[in-house]
Amino acid sequence: ATGNLDKQKTIDLRKKHVGPSCKVFFSHDPIKIVRARGQYMYNEKDEKYLDCINNVAHVGHCHPDVVEAGAKQMELLNTNSRFLHDNLVLYAQRLQATLPEKLSVCYFVNSGSEANDLALRLAWQYTGHKDIITLENAYHGHVSSLIDISPYKFHQMAVAEPSQHVHVIAAFIAESLQSCGGQVIPPVGYFQKVAQHVRNAGGVFIADEVQVGFGRVGTHFWGFQLQGEDFVPDIVTMGKPIGNGHPMSCVITTREVAESFMSSGMEYFNTFGGNPVSCAIGLAVLDVIEKEDLQGNALHIGSYLTQLLDDLKKRHLLVGDVRGRGLFIGLDLVRNRDKRTPATAEAQDVIYRLKEQRILLSADGPHRNVLKFKPPMCFSREDAELVVEKIDQILTDLEKTLGLQMSEAVISENGHTKRKEPSDENGLVHPSNGSSHSHKHTVTLPHDKKTNKRQKT
Ligand code: PMP
Numbered sequence: 002a003t004g005n006l007d008k009q010k011t012i013d014l015r016k017k018h019v020g021p022s023c024k025v026f027f028s029h030d031p032i033k034i035v036r037a038r039g040q041y042m043y044n045e046k047d048e049k050y051l052d053c054i055n056n057v058a059h060v061g062h063c064h065p066d067v068v069e070a071g072a073k074q075m076e077l078l079n080t081n082s083r084f085l086h087d088n089l090v091l092y093a094q095r096l097q098a099t100l101p102e103k104l105s106v107c108y109f110v111n112s113g114s115e116a117n118d119l120a121l122r123l124a125w126q127y128t129g130h131k132d133i134i135t136l137e138n139a140y141h142g143h144v145s146s147l148i149d150i151s152p153y154k155f156h157q158m159a160v161a162e163p164s165q166h167v168h169v170i171a172a173f174i175a176e177s178l179q180s181c182g183g184q185v186i187p188p189v190g191y192f193q194k195v196a197q198h199v200r201n202a203g204g205v206f207i208a209d210e211v212q213v214g215f216g217r218v219g220t221h222f223w224g225f226q227l228q229g230e231d232f233v234p235d236i237v238t239m240g241k242p243i244g245n246g247h248p249m250s251c252v253i254t255t256r257e258v259a260e261s262f263m264s265s266g267m268e269y270f271n272t273f274g275g276n277p278v279s280c281a282i283g284l285a286v287l288d289v290i291e292k293e294d295l296q297g298n299a300l301h302i303g304s305y306l307t308q309l310l311d312d313l314k315k316r317h318l319l320v321g322d323v324r325g326r327g328l329f330i331g332l333d334l335v336r337n338r339d340k341r342t343p344a345t346a347e348a349q350d351v352i353y354r355l356k357e358q359r360i361l362l363s364a365d366g367p368h369r370n371v372l373k374f375k376p377p378m379c380f381s382r383e384d385a386e387l388v389v390e391k392i393d394q395i396l397t398d399l400e401k402t403l404g405l406q407m408s409e410a411v412i413s414e415n416g417h418t419k420r421k422e423p424s425d426e427n428g429l430v431h432p433s434n435g436s437s438h439s440h441k442h443t444v445t446l447p448h449d450k451k452t453n454k455r456q457k458t
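For the sequence shown, full-length UniProt numbering begins at 2 and goes up steadily by one.
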């Protein structure tokens with residue numbers, strides 16, 4: 002039987018048989034989810050959680066059209082791509098139609114990591130070079146080749162800007178907007194400049210759209226398109242939302258790169274990639290995005306949510322920055338706006354307290370102080386209002402505990418604070434009414450949070 006074990010039994014079996022480095026969310030009191038629909042998940046008691054985390058369930062959890070497309074195709078045929086099948090070619094054609102013309106050749110694989118690993122192989126073969134430039138705090142996947150270029154995992158030294166002294170560059174890889182790195186939005190024009198340097202050095206530009214693609218940024222279907230029409234990557238990788246939870250992913254590149262990969266003489270075969278079921282599901286996802294105008298929803302609800310969060314910034318000193326595009330938004334919590342001291346413990350506290358109110362949100366970035374919004378794309382105005390209302394209450398509470406009050410600071414026009422009160426080394430205001438000794442500026446956390454372990458999503 003599945004799905005009806007006592008919760009403690011599930012925990013015990015997991016401890017016994019599942020690799021201990023596979024972490025659960027909220028490890029001191031994990032959530033057991035048994036079903037989900039749209040932007041809501043339900044636990045074993047049928048209590049409803051609002052999901053602000055799950056960018057994989059892109060068109061909504063268990064969307065009936067996607068489920069039906071997969072089930073129907075499973076009933077009929079599932080096999081590898083060595084047989085001709087219309088789903089494969091029609092899906093490739095549909096995906097291509099969302100991209101600039103020269104990105105026309107697809108490789109279907111099964112996860113974001115597989116997609117990025119293949120992207121590296123394409124780049125190595127095409128350029129004959131080996132080195133990869135990656136951004137600070139980047140994360141591109143869990144296989145060996147990608148751990149090497151994912152400083153988010155190991156805080157290795159990374160080159161943030163391509164240097165003209167580098168001559169053996171195979172590729173520059175970056176997320177079109179950085180997610181695990183803390184919801185960072187590159188300035189418009191940055192990718193064009195990088196691409197110019199990288200191509201001059203004989204390398205290619207890989208855009209990782211695993212987290213941010215498929216209309217999430219609202220104004221465009223792909224994150225890299227925010228840079229302007231004059232920017233076209235050489236390779237684009239896709240994952241997570243592509244199958245709404247079905248394990249599938251894709252690498253799309255130019256004819257030139259694909260021909261060069263072919264010229265190595267080595268066949269590329271992937272047992273599950275591009276099977277008729279995955280392609281049917283991928284097609285259904287594209288249909289739903291279109292039919293329900295989810296890109297439009299990301300734009301409108303995303304702008305509304307950003308506006309609500311901007312309002313929070315006006316009222317809460319803990320809010321250092323609000324940044325995002327569409328339904329990809331970061332709320333950067335700081336203990337001091339001028340020094341930008343990360344409010345790591347406070348961010349953890351916010352997500353734990355939200356969980357108590359049945360709202361799922363995560364904190365990420367190098368200091369784990371950025372609250373990340375990347376909900377299913379059917380997120381509504383009411384959902385946005387609810388989560389912001391709860392965050393508002395929690396921040397008020399936290400600021401009271403910390404002795405951080407807006408009345409003691411004047412917000413200057415550029416958003417920096419000018420304090421009337423002296424502040425300590427953490428930038429915390431000590432009210433001059435003699436009560437400063439009562440403030441230790443610590444936030445009580447559940448014991449397992451002291452390890453500050455990162456729970457990646
Ligand atoms: N690229 C990015 C930007 C990611 O965020 C992730 C996963 N978090 C991956 C690649 C790897 O994808 P997967 O876990 O499907 O292998």
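In this text, a Cβ means the ideal position worked out from N, Cα and C, and glycines have one as well.
Small disclaimer: the values here were computed from a predicted structure and weren't measured.
Residue i vs residue j beta-carbon contact at 8 Å
i    : j    : result
V106 : A259 : yes
T80  : N276 : yes
T254 : L123 : yes
V389 : L309 : yes
A37  : C53  : no
M176 : A120 : One point to set straight first is that residue 176 is Glu, not Met, in the sequence displayed. No, the Cβ-Cβ distance between E176 and A120 is not below 8 Å.
M378 : L328 : yes
H143 : S114 : yes
V213 : M75  : no
V67  : V286 : yes
Reduced DSSP category for residue i - H, G, I as helix; E, B as strand; rest coil
i         : result
M239      : strand
T220      : coil
K49       : strand
N245      : strand
residue 1 : Nothing in the structure corresponds to residue 1, since the chain is present only between 2 and 458.
M42       : strand
R316      : helix
I302      : helix
R338      : coil
I148      : helix
G331      : strand
P188      : coil
G325      : strand
V25       : coil
S114      : helix
H168      : coil
R36       : strand
P163      : With a pLDDT of 47 at P163, under the threshold of 50, the modelled position of this residue cannot be trusted, and the question is left open.
T307      : helix
V205      : strand
Whole-angstrom distance between residue j and residue i, CA atom to CA atom
i    : j    : result
N298 : G219 : 7 Å
N245 : I207 : 23 Å
G435 : R336 : With a pLDDT of only 33 at G435, under the threshold of 50, the placement of this residue in the model should not be trusted; the figure read from the coordinates follows. So the two alpha carbons sit approximately 21 Å from each other.
V110 : V323 : 35 Å
Q228 : L77  : 42 Å
K314 : I174 : 33 Å
Q40  : R326 : 19 Å
S264 : T307 : 48 Å
R15  : P21  : 9 Å
K401 : K49  : 30 Å
E383 : I302 : 10 Å
R256 : Y127 : 11 Å
V252 : G182 : 22 Å
V185 : R341 : 15 Å
H29  : Q349 : 13 Å
H221 : D7   : 45 Å
Range of the contiguous beta strand (DSSP E) that encloses residue i
i           : result
D132        : D132 to T135
L362        : Counting along the chain, L362 falls outside any beta strand (DSSP E), and DSSP gives it neither H nor E.
V110        : V106 to V110
residue 460 : Since the first residue shown for the chain is 2 and the last is 458, residue 460 is missing from the structure and cannot be characterised.
V371        : V371 to F374
Residue i Cβ short of 7 Å to the ligand PMP heavy atom set
i    : result
K375 : no
V211 : yes
Y140 : yes
H143 : yes
K8   : no
N117 : yes
G219 : no
C107 : no
C63  : no
Span of the alpha helix (DSSP H) around residue i
i    : result
C280 : P277 to K292
K16  : K8 to H18
V98  : Checking the sequence shown, residue 98 turns out to be Ala, not Val. Unbroken run through A98: none, as it is neither H nor E.
D66  : P65 to L77
Any non-hydrogen atom of the ligand SAH within 7 Å of residue i CB
i    : result
S112 : Only the ligand PMP can be found as ligands here, which leaves the ligand SAH out of the picture.
Cutoff 8 Å: residue i Cβ touching any chain C Cβ
i   : result
V67 : Structure shown: chain C not included; a single protein chain is present.
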